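In my numbering, the protein residues as written are 535 to 630. The block underneath contains the structure these notes are about, expressed in structure tokens.
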């Protein structure tokens, strides 16, 4: 479940799974605006106030619309999920 004020995960998935060729112009515009609004909400909301599921969801979608960084320098989806759950680098657990 996504946090209040954020796009639901099912809405994100359904928008991503529907082929662009089957979307109307209004659906394209709606997806773009909703995605940008959710991205802003993701960046404004402090990590400490996000639920675990929201952190994981943000980890999978962060950078998906960003062209400013090289794919070679971005962490893998698995690493993003680990970081969102507090299991990334800098944690003392040796089982990660």
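Every residue, glycine too, gets a C-beta built ideally from N, C-alpha and C. Because the structure is a prediction, the values reported are computed rather than measured.
Item	Value
Kindly list the residues whose CB is nearer than 6 Å to the CB of residue 604, restricted to its own chain and excluding five residues on each side of it in sequence; keep chain order.	Below a pLDDT of 50, predicted positions are generally treated as unreliable, and residue 604, at 43, falls in that range; the measurement from the model is reported next regardless. Here the set comprises nothing.
Would you check if the distance between the CB atom of residue 540 and the CB atom of residue 593 is smaller than 8 Å?	no
Does DSSP classify residue 583 as helix, strand or coil?	helix
Write down the C-beta distance between residue 587 and residue 619 rounded to the nearest angstrom, noting that I regard them as a contact closer than 8 Å.	Incorrect: roughly 10 Å between the Cβ atoms, too far for contact.
For residue 554, is the classification buried or exposed, using 16 other Cβ atoms within 10 angstroms of its Cβ as the cut-off for buried?	exposed
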